[in-house]
Amino acid sequence: MRSVLKLVWANIIHHKGSFKGIIFLMMILTFSFAGTVSNNDDLNAALDRCFSENEFGDLLIEISDELFTDDMRSYLESSEHIEKISYENGLRLLSMIRAGGREIDTPVYLYAYHSGIRVFNEKADGYLESTAPAAGEIYLPYKMKSLPGIEIGGTIELCAKGSYSESFTIKGFIEDPIYGSVIISDANCYISTDEFDRLASEKTDSITDERKDIIRQTDIHIHISDGTAPAELKKQVSRESDIIDYSFFSATKEHIRNYTELVSKIGTRGVYAYTALMIVIVLIVMHNSISSSIDMEYTSLGILRSQGFTVRQIRLVYIIQYIAALVIGAVLGLIAAIPICHVLIGMWMNITGILTSRAVSFVKCGVLCVCIILISLVFVAAATAKISKISPVRAISGGAEDVYFDSRLNIGIKRPLPIFLALRQITSHIGGYIGMTVIVTLMVFFVMTLFSLISGFDPDMIIPDIGSDITVKTSAVNFDEVPDIEDTIRGYDPDAEIKISSSEFMTVDDEQFRVQMLTDEKATVGRLPEYDNEILVTKTFAEQNGTGIGDTIELGYRGEKHGFIITGYYSNMMNLGMVLTVPKSGIEKMGIDSISGMEITLSDASKRDTIINALNDKYHDDLEASETPESATFDSMKNLMSILMDSLSYTMYAITAVFAIVVVNMVCRREFIRERSDIGIYKSQGFTVSALRSGFAMRFAITSFAGAVVGDLLSAAASKPLIMAMLNLIGIDDFTISLNVFPFLVPAVAAVLFYLSAYAASGRIRTVEVRELITE
Amino acid sequence: MKKTILSAKGVCKSFAHNGSQVHILTGLDAEIYEGDFTVIMGASGSGKSTTLYALSGMDRATGGSVIYNGEDIVKMSENKLSSLRHKDFGFVFQQMHLVSNLTLYENITVPGYLNKERRAADVDKRAEELMEKMGIAHIRKHLPSQCSGGEQQRCAIARAVINDPKLLFADEPTGALNRKNTAEVLDLLTDLNQNGQSILMVTHDVRAACRATRLIYIEDGRIAGDLDLPPYDPKDEKSRETQISSWLSSMQW
Numbered sequence: 000m001r002s003v004l005k006l007v008w009a010n011i012i013h014h015k016g017s018f019k020g021i022i023f024l025m026m027i028l029t030f031s032f033a034g035t036v037s038n039n040d041d042l043n044a045a046l047d048r049c050f051s052e053n054e055f056g057d058l059l060i061e062i063s064d065e066l067f068t069d070d071m072r073s074y075l076e077s078s079e080h081i082e083k084i085s086y087e088n089g090l091r092l093l094s095m096i097r098a099g100g101r102e103i104d105t106p107v108y109l110y111a112y113h114s115g116i117r118v119f120n121e122k123a124d125g126y127l128e129s130t131a132p133a134a135g136e137i138y139l140p141y142k143m144k145s146l147p148g149i150e151i152g153g154t155i156e157l158c159a160k161g162s163y164s165e166s167f168t169i170k171g172f173i174e175d176p177i178y179g180s181v182i183i184s185d186a187n188c189y190i191s192t193d194e195f196d197r198l199a200s201e202k203t204d205s206i207t208d209e210r211k212d213i214i215r216q217t218d219i220h221i222h223i224s225d226g227t228a229p230a231e232l233k234k235q236v237s238r239e240s241d242i243i244d245y246s247f248f249s250a251t252k253e254h255i256r257n258y259t260e261l262v263s264k265i266g267t268r269g270v271y272a273y274t275a276l277m278i279v280i281v282l283i284v285m286h287n288s289i290s291s292s293i294d295m296e297y298t299s300l301g302i303l304r305s306q307g308f309t310v311r312q313i314r315l316v317y318i319i320q321y322i323a324a325l326v327i328g329a330v331l332g333l334i335a336a337i338p339i340c341h342v343l344i345g346m347w348m349n350i351t352g353i354l355t356s357r358a359v360s361f362v363k364c365g366v367l368c369v370c371i372i373l374i375s376l377v378f379v380a381a382a383t384a385k386i387s388k389i390s391p392v393r394a395i396s397g398g399a400e401d402v403y404f405d406s407r408l409n410i411g412i413k414r415p416l417p418i419f420l421a422l423r424q425i426t427s428h429i430g431g432y433i434g435m436t437v438i439v440t441l442m443v444f445f446v447m448t449l450f451s452l453i454s455g456f457d458p459d460m461i462i463p464d465i466g467s468d469i470t471v472k473t474s475a476v477n478f479d480e481v482p483d484i485e486d487t488i489r490g491y492d493p494d495a496e497i498k499i500s501s502s503e504f505m506t507v508d509d510e511q512f513r514v515q516m517l518t519d520e521k522a523t524v525g526r527l528p529e530y531d532n533e534i535l536v537t538k539t540f541a542e543q544n545g546t547g548i549g550d551t552i553e554l555g556y557r558g559e560k561h562g563f564i565i566t567g568y569y570s571n572m573m574n575l576g577m578v579l580t581v582p583k584s585g586i587e588k589m590g591i592d593s594i595s596g597m598e599i600t601l602s603d604a605s606k607r608d609t610i611i612n613a614l615n616d617k618y619h620d621d622l623e624a625s626e627t628p629e630s631a632t633f634d635s636m637k638n639l640m641s642i643l644m645d646s647l648s649y650t651m652y653a654i655t656a657v658f659a660i661v662v663v664n665m666v667c668r669r670e671f672i673r674e675r676s677d678i679g680i681y682k683s684q685g686f687t688v689s690a691l692r693s694g695f696a697m698r699f700a701i702t703s704f705a706g707a708v709v710g711d712l713l714s715a716a717a718s719k720p721l722i723m724a725m726l727n728l729i730g731i732d733d734f735t736i737s738l739n740v741f742p743f744l745v746p747a748v749a750a751v752l753f754y755l756s757a758y759a760a761s762g763r764i765r766t767v768e769v770r771e772l773i774t775e
Numbered sequence: 000m001k002k003t004i005l006s007a008k009g010v011c012k013s014f015a016h017n018g019s020q021v022h023i024l025t026g027l028d029a030e031i032y033e034g035d036f037t038v039i040m041g042a043s044g045s046g047k048s049t050t051l052y053a054l055s056g057m058d059r060a061t062g063g064s065v066i067y068n069g070e071d072i073v074k075m076s077e078n079k080l081s082s083l084r085h086k087d088f089g090f091v092f093q094q095m096h097l098v099s100n101l102t103l104y105e106n107i108t109v110p111g112y113l114n115k116e117r118r119a120a121d122v123d124k125r126a127e128e129l130m131e132k133m134g135i136a137h138i139r140k141h142l143p144s145q146c147s148g149g150e151q152q153r154c155a156i157a158r159a160v161i162n163d164p165k166l167l168f169a170d171e172p173t174g175a176l177n178r179k180n181t182a183e184v185l186d187l188l189t190d191l192n193q194n195g196q197s198i199l200m201v202t203h204d205v206r207a208a209c210r211a212t213r214l215i216y217i218e219d220g221r222i223a224g225d226l227d228l229p230p231y232d233p234k235d236e237k238s239r240e241t242q243i244s245s246w247l248s249s250m251q252w
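Quick note, the sequences are listed as chains A and B, same order.
Counting with numbering that gives the first Met the number 0, you get residues 0 to 775 for the letters of the first sequence.
Counting with numbering that gives the first Met the number 0, you get residues 0 to 252 for the letters of the second sequence.
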């Protein structure tokens, strides 16, 4: 063993094989996945802590106090699966809130402050000692901090009993594990117990009132006792009682967790795919490196065998050398991940609204590193198998396998020499360059997929752009009153485009889904629903529920149950794609006779204020019209998401570029050692250093061009399915990759970049002296 | 009166070895004449190969000057030296040093294509002629690894003369060959010389030295002896060999 270790050491100090390169690649690989794995773990741990501190149940049901009957309560309290039920009173605001004099279209729920609430400090990198808000003070979730007009000391106005009579001073920002993520529009806010009680007793409306600004609700946190899956319990509750049917919203803890982790999960999937790709590249590089090393060291290996080294021992030298490089790379990668995680995980906080520890998950990352090393071990062992074919006698007598072989791909050498000589180098050592081509193909495929995702992934997909001029919020306008409102609007602007929305949570097979009224949705497969028994679903819904076009599903809502035939699929990422769409007649059939809002797009925007005033004057008791707050409310959130996605993509582009440079450098170094003698011969024949470097770099340009073209084609074929697999997670089942000039530029750009990298890496050609050919 | 093609004055060559300087050439003066088949001989370690590489510009002398065509090649830029190598000088190595993934034909034509003053068609034609002359036309598509040492060396000679160099350098071109191949290669070089090719060759083989028209003996990095010989005639080989052996003995070889 000692002699094996001595050989390993000798190989390392004499730069035989790729030691430093493998260390570097493994380091990049490790810190790439360490950041993501750690972010996931830290976020999970933080959410667990939040849920635990707030005694969050396995199942949450939000229901109007008036609809929460004693029967429902006794059903829950007598369930053998339920260990504990805790109730929290809340106030559901149905009108928009105002900040800085502008409406904010964020559905707000008010709760009485309790000691479990965590309040962020100014930098949001820690918590303040939590103090109860005084009368007139309010805590908002952290995500609202980025909205215009929202700052500590600022004022929030709430609409109660038909007027903005309630105002609160913003005391601070809190951590909200339920609705804290920026991708959820709703917000849980906290006021003092006294204020809460006052509003609850004096300012709330009945669910049956025509005009409703605030209604009382109860949040029911159900803790399961016997290990029943929360989703199963939810179905059972839905089957055996009406509580789910009558609730505003119900969700398992996992469902809520998924919402908070949504964007993080998209990034995670991307990084996992990226990591897998990088592992393949590292394995290819290692294989080429070992293979070349064995070719070039044929005589030395033969001498070792003649001196009594067994094939196993020689293979062990390679295995130890490469595994040592991987281990060192992994350790350095984990160390490098410490500061990187601190920055990257900190960035996610702006999306999730949850403060995480920012620590590296050393155990999990370590296990992943061990897995990668084990895969590599198998690979190195396989790559060194050809050592067993080395004959000591042949090796020592100079009978080594020729480095090159006569290839049928060879074409004659002509002018311009650098191109033809480069082609000859490629064709006469095709194996090594195929590896290089595959590496470029994978890199280009990855970059193209990432580019397609980033360019096609508009934050509007997550936070849809309303794009209207006037938003009408209402809880008291029946369908039969809509024509009159439309007439009023068209009295000022005959060409105004009016979209009516109406949606409620309904049950399908005992599960709760949002069902909305058809407006301007487009069917991606099949057709739009036309009749009162037809429905449009997302592909995600269809797959999860085992249904398809032509199947009938039964919707349930507050006692009404009707069958609907699926006519087509569409894309909608609200509620993770669990959104169904029926025509107006279908909504009415389910017993819903009122709309929940209107979006008005004017042909003449100058009439906006006139129309807003007219609607608010005429229908004062029924609705509230205001300038569409979308841009004011969501732009900063979208901006945040764009910054994060851009940062993530640029980081990946940068890592890919570094990876490419390291790989080119490693391959160049190997080729340089292999061709050192040939380089001397070319020099002796009058080739200049720059011509030789140019020729050397040219083959990388040719290989990378070929690889990039294949990568482009692969991307055209496989990027969309891959992106869809990622986006299905969030309910997007339709994604358009827009073709532009970029895919056509990639091969040229790759060729130029690889040419320049290889040209730079070939600087050592200068060190080759013709006198090396002299035999004294 | 012979015309000087290459003139060396006070050429020195030293190497750093284990922290100390080893002086191989210590002020070598030499004139190489046009049309001569000059052979450099000397004991092992005398500096004959070093002399050849210093005079050909394959290695840079550490002192002195080597004048070719009015220019000192010791001070020439790398690019100018490269130009000199493919236009004016040809070189044959002891170990052939053919590019292993080029066929024999390509090994010969590539330096020809490098000379941009020549048309590719002319290079191809000249390569065909040379291969015929060297007896390797039938294996023109073979890689070096598929050829014998003699065939490889004949290819190396053809490569060296593809650009019709003014001066052909050869470093023990028969050193790695068997008797039969040695004779073939020497015949080729003699033939080239008798057709006007100036040659400067290093050898330690008396039979190879017989082909010379001028013999230079190097000792301790300097020229210790210089012998002019008549043009080679196979009929005089025995007497020529005796003459050279006797001269070498006088040089204490």
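From the three backbone atoms N, C-alpha and C, an ideal C-beta is built for every residue, glycine too.
The structure presented is a predicted model; accordingly, all values stated were derived computationally and were not measured.
*Is the number of C-beta pairs between the region 289–304 of chain A and the region 745–757 of chain A that are closer than 8 Å three or more?*
Counting Cβ pairs under 8 Å, fewer than three are found: no touch.
*With which residues is A/T518 paired in a DSSP beta bridge?*
Within the first sequence, the letter at position 519 stands for residue 518 of chain A. For A/T518, which the question treats as bridged, DSSP gives no partner whatsoever.
*For B/M57, which of helix, strand or coil comes out of DSSP?*
Stepping through the second sequence from its first residue, residue 57 of chain B is reached at position 58. Of the three classes helix, strand and coil, the one that applies to B/M57 here is coil, per DSSP.
_Opening and closing residue of the beta strand (DSSP E) in which B/I256 lies_ = The question about residue 256 of chain B has no answer, for chain B in this structure spans 0 to 252.
_Same chain, Cβ closer than 6 Å to B/S249, five either side skipped, listed in chain order_ = Stepping through the second sequence from its first residue, residue 249 of chain B is reached at position 250. If you ignore the 5 residues before and after B/S249, its C-beta comes within less than 6 Å of no other C-beta in its own chain.
*Output, in sequence order along the chain, the residues in the region 671–698 of chain A whose CB is closer than 9 Å to any CB in chain B.*
S676, D677, G679, I680, Y681, K682, S683, Q684, G685, F686, T687, V688, S689 and A690: these are the residues of the region 671–698 of chain A whose beta carbon lies less than 9 Å from some beta carbon of chain B, given in chain order.
*Bridge partners of A/T788, per DSSP?*
Absent from the structure is residue 788 of chain A, since the part of chain A shown begins at 0 and ends at 775.
*Any C-beta of chain B sitting closer than 8 Å to the C-beta of A/S427?*
The sequence position of residue 427 of chain A within the first sequence is 428, counting from 1. Cβ-Cβ to chain B under 8 Å: yes for A/S427.
*Answer with buried or exposed for B/E128, where buried requires no fewer than 16 other C-beta atoms within 10 angstroms of its C-beta.*
Sequence index remark: in the second sequence, residue 128 of chain B carries index 129 (1-based). Under the 10 Å beta carbon count, B/E128 is surrounded by fewer than 16 other beta carbons and is classified as exposed.
*For a contact meaning CB atoms closer than 8 Å, what does A/R770 contact in chain B?*
Position 771 of the first sequence, counting from 1, holds the residue named residue 770 of chain A. Ordered by position in chain B, the residues that pass the 8 Å Cβ test against A/R770 are Y52, M57 and D58.
*Would a C-beta distance cut-off of 8 Å place A/L90 and A/I213 closer than the cut-off?*
In the first sequence, residue 90 of chain A corresponds to position 91, counting from 1. In the first sequence, residue 213 of chain A corresponds to position 214, counting from 1. Contact: yes.
*Cα-Cα separation between A/G365 and A/A9, rounded to whole angstroms*: For the purposes of this step, residue 365 of chain A is identified with residue 366 of the first sequence, where counting begins at 1. For the purposes of this step, residue 9 of chain A is identified with residue 10 of the first sequence, where counting begins at 1. Answer to the nearest angstrom: the Cα atoms are 28 Å apart.
_Using DSSP's beta-bridge definition, name the partner residues of A/S63._
Along the first sequence, read from residue 1 onward, the residue named residue 63 of chain A stands at position 64. As computed with DSSP, A/S63 is found in a beta bridge with A/Q216.
*With 16 other CB atoms within 10 Å as the buried threshold, where does A/R673 fall?*
Against the first sequence, residue 673 of chain A aligns to sequence position 674. A/R673 sits buried, since 16 or more C-beta atoms from the chains shown fall within 10 Å of its C-beta.
*For A/V359, name the three-state secondary structure that DSSP assigns.*
Translated into the one-based positions of the first sequence, residue 359 of chain A becomes position 360. Coil.
*Whole-number beta carbon distance between A/I591 and A/E510, since they are thought to touch under 8 Å*: Position 511 of the first sequence holds residue 510 of chain A. Position 592 of the first sequence holds residue 591 of chain A. Contact doesn't hold; Cβ gap of about 19 Å is too wide.
*Do you know whose CA, among A/E121, A/L416 and A/P720, lies nearest B/L101's CA?*
Here residue 101 of chain B refers to the residue found at position 102 when the second sequence is read from its first residue. Per the Cα distances, A/L416.
*Using a Cβ-Cβ cut-off of 7 Å (strictly less than) and excluding sequence neighbours within five positions of B/G195, which residues of its own chain qualify?*
Along the second sequence, one-based indexing puts residue 195 of chain B at 196. Only G34 meet the Cβ criterion.
*Status (buried if at least 16 other CB within 10 Å, exposed otherwise) for B/H96*: On the second sequence, position 97 is the one that residue 96 of chain B refers to. By the neighbour-count rule (16 or more Cβ atoms within 10 Å), B/H96 is buried.
*Under 8 Å between C-beta atoms of A/I149 and A/F167*: By 1-based counting over the first sequence, the position of residue 149 of chain A is 150. By 1-based counting over the first sequence, the position of residue 167 of chain A is 168. Using a Cβ distance threshold of 8 Å, A/I149 and A/F167 do not count as a contacting pair.
*Are the region 652–666 of chain A and the region 753–772 of chain A touching, with three or more C-beta to C-beta distances below 8 Å?*
Judged by Cβ distances under 8 Å, the region 652–666 of chain A makes contact with the region 753–772 of chain A, as three or more pairs qualify.
*Give, in chain order, every residue of the region 183–208 of chain B whose Cβ lies closer than 9 Å to some Cβ of chain A.*
Here the close residues number zero.
*Looking at the structure shown, is B/R239 part of a helix, part of a strand, or coil, going by DSSP?*
In the second sequence, residue 239 of chain B corresponds to position 240, counting from 1. Here B/R239 carries a helix assignment [DSSP, helix/strand/coil].
*Compare the C-beta of A/L276 against all C-beta atoms of chain B and say whether one is closer than 8 Å.*
Translated into the one-based positions of the first sequence, residue 276 of chain A becomes position 277. Output row for A/L276: interface = no.
*Under 7 Å Cβ-Cβ, which residues of chain B neighbour A/I410?*
Residue mapping note: residue 410 of chain A aligns to position 411 of the first sequence, counting from 1. Near A/I410 there are no residues of chain B at all, since even the closest Cβ is about 11 Å away, more than 7 Å.
*asked:* Suppose only complete runs of 3+ residues qualify. What are the beta strand (DSSP E) ranges in the region 206–262 of chain A, listed by chain order?
replied: The region 206–262 of chain A contains these whole beta strand (DSSP E) runs: 213–223 and 248–251.
*To the nearest angstrom, report how far apart A/S605 and A/I219 are at their CA atoms.*
The residue given as residue 605 of chain A occupies position 606 in the first sequence. The residue given as residue 219 of chain A occupies position 220 in the first sequence. For A/S605 and A/I219, the distance between alpha carbons rounds to 47 Å.
_By the DSSP assignment, the beta strand (DSSP E) with A/S500 in it spans what residues?_
Within the first sequence, residue 500 of chain A is the residue found at index 501, counting from 1. For A/S500, the enclosing beta strand (DSSP E) covers residues E496 to S500.
*A/R770 to B/G56, Cα distance in whole Å?*
One-based indexing of the first sequence puts residue 770 of chain A at position 771. One-based indexing of the second sequence puts residue 56 of chain B at position 57. If you take the alpha carbons of A/R770 and B/G56, they lie about 10 Å apart.
*Tell me, please, which residues DSSP counts as bridged to A/S162.*
Taking the first residue of the first sequence as 1, we reach residue 162 of chain A at position 163. Answer by DSSP bridge pairing, in chain order: A/A159.
*With 16 as the cutoff for other CB atoms within 10 Å, does A/I223 come out buried or exposed?*
Start at 1 with the first residue of the first sequence, and residue 223 of chain A comes out as number 224. Label assigned to A/I223: buried.
_Nearest candidate by alpha-carbon position, reference A/I497, set A/P482, A/M505 and A/R513_ = Stepping through the first sequence from its first residue, residue 497 of chain A is reached at position 498. Residue A/P482 is the option with its Cα nearest to A/I497.
*Unbroken beta strand (DSSP E) run spanning B/L199, endpoints*: Here residue 199 of chain B refers to the residue found at position 200 when the second sequence is read from its first residue. That run of the beta strand (DSSP E) goes S197 to V201.
*asked:* Within a Cβ cutoff of 8 Å, which residues of the same chain sit near A/T609, ignoring the five residues on either side of it in sequence?
replied: Stepping through the first sequence from its first residue, residue 609 of chain A is reached at position 610. Counting only Cβ-Cβ distances below 8 Å, and skipping sequence neighbours, we find Y491.
_Tell me the DSSP secondary structure of B/I135 in three-state form._
Position 136 of the second sequence holds residue 135 of chain B. Coil.
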